[in-house]
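Asks:
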Amino acid sequence: MTLAVDPPATQSREPRPGPIRRLKDSYRTYWYAYAMIAPVVVVLGALVGYPLVRGLYLTLTDATSLNSARTIGVNHIDATYKFVGLHNYADILWGPTAYDRFWSHFIWTVVWTVACVALHYTIGLSLAMLLNQKLRGRTFYRLLLVLPWAVPTFVTVFSWRIMLSDGGAINQVLGALHLPQPAWLEDVFWQRFTAIMVNTWCGVPFMMVSLLGGLQSIDASLYEAAEMDGASAWQRFRHVTLPGLKSVSSTVVLLGVIWTFNQFIIIFLLFGNNNPDVQILVNWAYYLGFGQQPRDFAQSAAYGVLLLSILAVFTTAYRRWLVRDDQPAV
Amino acid sequence: MSTSTLDTPSRSGPRPTATESTGRRVRRRGERSRLATVLSHAALIVAGLIALLPIAWLVLLSLGPDKNDYLHPGGIAHKASLSNYSFVLEHTQFFEWLKSTLIVACGTAFIGVLFAATTGYAVSRMRFPGYRGLMWVLLLTQAFPIAVLIVPMYQILTDLRLIDNYLGLILVYCGTAVPYCTWLLKGYFDTIPFEIDEAGRVDGLSPFGAYVRLILPLARPGLAVAAFYSFITAFGEVAFATTFMLDDSKYTLAVGLQSFISEHDAQWNYMAATAVLIAVPVSAFFYLVQKHLVTGLTAGGTKG
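This is how it looks when you write it as structure tokens:
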């Protein structure tokens, strides 16, 4: 009760009493905070935690849609799947044809994530810097450039699909200019190219708006001082803009990596379930669990757990790296 | 570096320059060469066109009455009509899809903000044991691939008979909306000075009273943004909706839109019209709040 409103970083460290005593003290001091976070903890526990535990258990079994508990009409059939230990993980990581099933998708996922986030960030930053100058029609440009974010993704992806289809607009234009007309949605290389292109188009506005917010919060007098000291435009960018954007950047890049790594909807809507070569791991896991018959629940969940572990490791490493640089972003 | 803080709107104020003495033209702050301005405009126009093109294309196609018109876009101008729109509104389940979407999206927004606000306040104002852990978990739920949850959720919802049920979908969406809203609202609460809470406490409010009576009203814009974010998330989600909604009268718009392609052998013209009908109100609404959508991120970041 005493510490109800307490600005961060005024926490004093005293010699630690015994564990039960500590628990009691902490309860008495912080019960108010705990009461306030309880709803979210309960909700997340029920909606995310329980399914996660259940999913973890599934990965240790050989559950498919054929041996899971199900109800057909009035008949209830009990589950008959059995416990197989870590077999699923071993099978995915180094079983026969593991390269085709996991590693090829893994490599493509990493390429996809790096390419998309790099493009998002550089294009977003360039546009934000263009918009951050005094320029006629700035608001208009801004409204125009946020459009891909404003229109729901499931709508715009369809538009891209029409434009990129065999006799679609883009190939007609390329044909009129006597340029080669790639099979955007059929050929593996162009499929991947298309996926990255469409995702870049969709993701740039978020970066742009975030970074623009960051740019506007940089104190103008810093630029002035740099200019007085004779810094060139590049030096001002390198030594004023980039450091000023550091904390915003670190947050949006982290979010960008996480979101892109799990970006399901774009590839799903562009290519459906039938083009295995362009599926990133998330889509592949969805395909295993819901896109094929019989549905392989156990393997799908195992892919999910692997994905989550990869991201957890990445996020931890990223945070360590930020903290080492004395930039606790999250 | 600069010890004396310069007046901030310094761009407008005239400043002594070395122009006359050296004879060489020196640009003042905020001024650019003509070339740079032209290049900036050119780059922004190109980028703007790229941003606009797919959407403009969709609008154009939605006016062409035949389903193969997308192959001959040049001809649409001569026979443009609104027949696709009337077909979609009269002969498809558009309004039922809209209804399901609105129920699910509003439900998610309401529940999401309700839960996220208190926690956002708690993590913004208090440091308690387990604070870092909680923030970490909230961040990590952003990283949950749908694949890890979708199978167990499908089974749990089946057991609870919540497949094909609005409530089921709302609950599923809350799992993703609540953590992000908590982050967003924490950022927003951080921008409200601690002194306000303290003043309230001195005047005899309980901590909870200070939160409800002082902070919540001040945070109304932040709450609106969080609600909007949850709304958009639920509105545009495809994977869960495809998997958990099986009855075509309960499809959300995102699922319904796909049905034009599978069932009616690719009726692009109807699809385009539906897409435009969906996009217009959402984007209009989006523009009203877009400036605040990232406030949480940037505010949290720049405060340092």
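Same order as they appear, the protein sequences are chains P and S.
Straight run, no breaks: the first sequence in our numbering ends on number 402.
Straight run, no breaks: the second sequence in our numbering ends on number 307.
Don't be surprised by glycine CBs; every beta carbon is placed ideally from N, CA and C.
Residue 179 (chain S) lies in the alpha helix (DSSP H); which residues open and close that run?
Replies: Within the second sequence, the letter at position 176 stands for residue 179 (chain S). Run containing residue 179 (chain S): 169 to 193, per the alpha helix (DSSP H) assignment.
Asks: Here's the rule: buried if 16 or more other CB atoms are within 10 angstroms of the residue's CB, otherwise exposed. What is residue 253 (chain S)?
Replies: Taking the second sequence and counting its residues from 1, one reaches residue 253 (chain S) at position 250. Buried is the call here.
Asks: Identify the contact partners of residue 47 (chain P) in chain S, using a Cβ-Cβ distance below 8 Å as the criterion.
Replies: What is shown of chain P runs 73 to 402, which leaves residue 47 (chain P) out entirely.
Asks: Checking contacts by CB at 8 Å: is residue 255 (chain P) closer than that to chain S?
Replies: Working through the first sequence from its first residue, we reach residue 255 (chain P) at position 183. Chain S, which has no Cβ nearer than 8 Å to the Cβ of residue 255 (chain P), makes this no.
Asks: In the DSSP assignment, what residue or residues form a beta bridge with residue 155 (chain P)?
Replies: Residue mapping note: residue 155 (chain P) aligns to position 83 of the first sequence, counting from 1. Per DSSP, P:133.
Asks: Closest Cβ-Cβ distance between residue 105 (chain P) and chain S: below 8 Å?
Replies: In the first sequence, the residue the question calls residue 105 (chain P) occupies position 33. At least one chain S Cβ lies under 8 Å of residue 105 (chain P).
Asks: Residues of chain S with CB closer than 8 Å to the CB of residue 358 (chain P), please, in chain order.
Replies: Looking up residue 358 (chain P) in the first sequence gives position 286. What residue 358 (chain P) touches in chain S: 149, 150, 153 and 242.
Asks: Taking all protein chains shown into account, do 16 or more other C-beta atoms lie within 10 angstroms of the C-beta of residue 25 (chain S), making it buried, or fewer, making it exposed?
Replies: Counting from 1 along the second sequence, the entry for residue 25 (chain S) is found at position 22. With a pLDDT of 46 at residue 25 (chain S), under the threshold of 50, the modelled position of that residue is not reliable, and no figure is offered here.
Asks: Out of S:175, S:196 and S:244, which one is the CA nearest neighbour of residue 115 (chain S)?
Replies: For the purposes of this step, residue 115 (chain S) is taken as residue 112 along the second sequence, with counting starting at 1. The shortest Cα separation from residue 115 (chain S) among S:175, S:196 and S:244 belongs to S:175.
Asks: Please list, in chain order, the chain B residues whose beta carbon lies closer than 9 Å to that of residue 239 (chain S).
Replies: The structure shown contains no chain B; its protein chains are P and S.
Asks: If residue 467 (chain P) and residue 57 (chain S) are in contact, beta carbons under 8 Å, what's the gap, nearest whole angstrom?
Replies: Residue 467 (chain P) lies beyond the stretch modelled for chain P, which goes from 73 to 402, so this question has no answer here.
Asks: Would you verify that the beta carbon of residue 269 (chain P) is, or is not, closer than 8 Å to some beta carbon of chain S?
Replies: Taking the first sequence and counting its residues from 1, one reaches residue 269 (chain P) at position 197. So no, residue 269 (chain P) is outside the interface.
Asks: Can you name the residues of chain S whose CB is closer than 8 Å to the CB of residue 179 (chain P)?
Replies: If you number the first sequence from 1, residue 179 (chain P) lands on position 107. Simply none; closest approach about 17 Å.
Asks: Taking C-beta pairs closer than 8 Å, name the residues in chain P that residue 309 (chain S) reaches, listed in chain order.
Replies: A question about residue 309 (chain S) goes unanswered here, because the residues of chain S that appear run from 4 up to 307.
Asks: Going by other Cβ atoms of all chains shown within 10 Å of its Cβ, with 16 needed for buried, is residue 307 (chain P) buried or exposed?
Replies: The sequence position of residue 307 (chain P) within the first sequence is 235, counting from 1. Its Cβ having fewer than 16 others within 10 Å, residue 307 (chain P) is exposed.
Asks: When you compare the CB of residue 224 (chain S) with every CB in chain P, is at least one pair closer than 8 Å?
Replies: Reading the second sequence from its first residue, position 221 is the one you call residue 224 (chain S). Judged by the 8 Å Cβ criterion, residue 224 (chain S) is not in contact with chain P.
Asks: Evaluate contact between the segment 166 to 173 of chain P and the segment 309 to 327 of chain P, counting only Cβ atoms and requiring at least three cross-stretch pairs below 8 Å.
Replies: No: fewer than three Cβ pairs fall under 8 Å.
Asks: Please report the distance separating the alpha-carbon of residue 251 (chain S) from that of residue 292 (chain S).
Replies: On the second sequence, position 248 is the one that residue 251 (chain S) refers to. On the second sequence, position 289 is the one that residue 292 (chain S) refers to. Rounded to the nearest angstrom, the two C-alpha atoms are 32 Å apart.
Asks: Check this for me: beta carbons of residue 107 (chain S) and residue 237 (chain S), under 8 Å apart or not?
Replies: As a working mapping, residue 107 (chain S) is identified with position 104 in the second sequence. As a working mapping, residue 237 (chain S) is identified with position 234 in the second sequence. Yes.
Asks: Rounding to the nearest angstrom, what Cα-Cα distance links residue 215 (chain S) and residue 222 (chain S) in this structure?
Replies: On the second sequence, position 212 is the one that residue 215 (chain S) refers to. On the second sequence, position 219 is the one that residue 222 (chain S) refers to. Roughly 10 Å between the two C-alpha positions.
Asks: I'd like to know if residue 118 (chain S) contacts chain P, where contact means its C-beta is closer than 8 Å to some C-beta of that chain.
Replies: To locate residue 118 (chain S), count along the second sequence from 1; it is residue 115. With 8 Å as the cut-off, residue 118 (chain S) counts as an interface residue toward chain P.
Asks: Considering only the alpha carbon of each residue, which of S:105, S:272, S:165 and S:226 lies closest to residue 91 (chain S)?
Replies: Against the second sequence, residue 91 (chain S) aligns to sequence position 88. The shortest Cα separation from residue 91 (chain S) among S:105, S:272, S:165 and S:226 belongs to S:272.
Asks: Run through chain P and tell me which residues come within less than 7 Å of residue 47 (chain S), C-beta to C-beta.
Replies: Residue mapping note: residue 47 (chain S) aligns to position 44 of the second sequence, counting from 1. Residues of chain P passing the Cβ test: 202 and 213.
Asks: Can you check whether the C-beta of residue 286 (chain S) is within less than 8 Å of a C-beta belonging to chain P?
Replies: For the purposes of this step, residue 286 (chain S) is identified with residue 283 of the second sequence, where counting begins at 1. Taking Cβ atoms only, chain P reaches closer than 8 Å to residue 286 (chain S), which makes this a yes.
Asks: Under a Cβ-count criterion, where at least 16 other Cβ atoms within 10 Å of its own Cβ denotes burial, should residue 300 (chain P) be classed as buried or exposed?
Replies: In the first sequence, residue 300 (chain P) corresponds to position 228, counting from 1. Residue 300 (chain P) should be labelled exposed.
Asks: Looking at residue 373 (chain P) and residue 185 (chain P), is the spacing between their C-beta atoms short of 8 Å?
Replies: Along the first sequence, read from residue 1 onward, the residue named residue 185 (chain P) stands at position 113. Along the first sequence, read from residue 1 onward, the residue named residue 373 (chain P) stands at position 301. The answer is no: Cβ separation not under 8 Å.
Asks: Is residue 119 (chain S) closer than 8 Å to residue 184 (chain S) when the C-beta atoms are compared?
Replies: The residue labelled residue 184 (chain S) in the question sits at position 181 within the second sequence. The residue labelled residue 119 (chain S) in the question sits at position 116 within the second sequence. Contact: yes.
Asks: Counting pairs of beta carbons, one from the segment 97 to 115 of chain P and one from the segment 333 to 347 of chain P, are three or more of them closer than 8 Å?
Replies: No: fewer than three Cβ pairs fall under 8 Å.
Asks: Taking residue 156 (chain S) as the reference, give the member of P:388, P:121 and P:273 with the closest Cα.
Replies: The residue you call residue 156 (chain S) lines up with position 153 of the second sequence. Considering only alpha carbons, the answer is P:121.
Asks: I need the DSSP call for residue 212 (chain P), collapsed to helix, strand or coil.
Replies: Indexing the first sequence from 1 puts residue 212 (chain P) at position 140. DSSP places residue 212 (chain P) in helix when its eight states are reduced to three.
Asks: Residues of chain P with CB closer than 7 Å to the CB of residue 54 (chain S), please, in chain order.
Replies: Here the question's residue 54 (chain S) lines up with position 51 in the second sequence. By Cβ distance, chain P contributes 216, 217, 219 and 220.
Asks: Pick helix, strand or coil for residue 254 (chain S), following the three-state DSSP scheme.
Replies: Residue mapping note: residue 254 (chain S) aligns to position 251 of the second sequence, counting from 1. Residue state, collapsed to three classes: coil.
Asks: Could you tell me the alpha carbon to alpha carbon distance between residue 112 (chain S) and residue 279 (chain S), rounded to whole angstroms?
Replies: The residue labelled residue 112 (chain S) in the question sits at position 109 within the second sequence. The residue labelled residue 279 (chain S) in the question sits at position 276 within the second sequence. Rounded to whole angstroms, residue 112 (chain S) to residue 279 (chain S) spans 23 Å at the Cα level.
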